[in-house]
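**Q** Dumping the structure here so I can ask a few things about it.
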Amino acid sequence: MNKLIICTAVAALGSVSQAAVLIGNLPAVNSLTHSADLGSSRLKGIGFTTPGQDWKLNSATFSLGFDFDDIANGVTPIVRIHDVVGGNPGSVLHTMVDPGGYISGSVDNYTFTANGSFTFLANTS
1 MNKLIICTAV AALGSVSQAA VLIGNLPAVN SLTHSADLGS SRLKGIGFTT PGQDWKLNSA
61 TFSLGFDFDD IANGVTPIVR IHDVVGGNPG SVLHTMVDPG GYISGSVDNY TFTANGSFTF
121 LANTS
């Protein structure tokens, strides 16, 4: 079973000459009791509009917790960037590289990296 995360909690992006956090909410609550309990039928997404220049996606960091059953059943999160169609997620534009190494029973930060080159165009959602 895969857990699907539609977009980023923290996206580390870089323009031609700089790196910046475009959107973020870390540090997160470090508790397994504050969970979205995501699964194949429960997804989490977040939308944002890019600033006035193109931004290259480098990585996205998430605070995730896994229980024993997640690890035993091979649950892995999927981080994808989608376009927007009528205010809803549309086509998949990019899938991030899964860092692996998930630890049961704790909440830790995991950094997903860009799979090749991906650029958010200026002033887009």
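Note that the working numbering has the sequence shown beginning at 1, numbered continuously upward. Every residue gets a Cβ at the ideal spot worked out from N, C-alpha and C, and that includes glycine.
From which residue to which residue does the alpha helix (DSSP H) around I71 run?
**A** Start and end: F68 to A72.
**Q** In whole angstroms, what separates the C-alpha of S117 from that of M96?
**A** Taking the straight line from one Cα to the other gives about 11 angstroms.
**Q** So I23 is in the beta strand (DSSP E); what residue range does that whole segment cover?
**A** Unbroken run through I23: none, as it is neither H nor E.
**Q** If contacts are defined as beta-carbon pairs under 8 angstroms, then S59 and T111 qualify, I think. What distance do you get, rounded to the angstrom?
**A** Rounded, the Cβ-Cβ distance is 5 angstroms, consistent with contact.
**Q** Applying the criterion that 16 or more other CB atoms from any shown protein chain within 10 Å of the CB defines a buried residue, is L26 buried or exposed?
**A** L26 should be labelled exposed.
**Q** Between which two residues does the beta strand (DSSP E) harbouring F112 extend?
**A** F112 -> beta strand (DSSP E) spans S106 to T113.
**Q** For a quick check, are the C-beta atoms of V107 and G65 less than 9 angstroms apart?
**A** For V107 and G65, yes; Cβs fall inside 9 angstroms.
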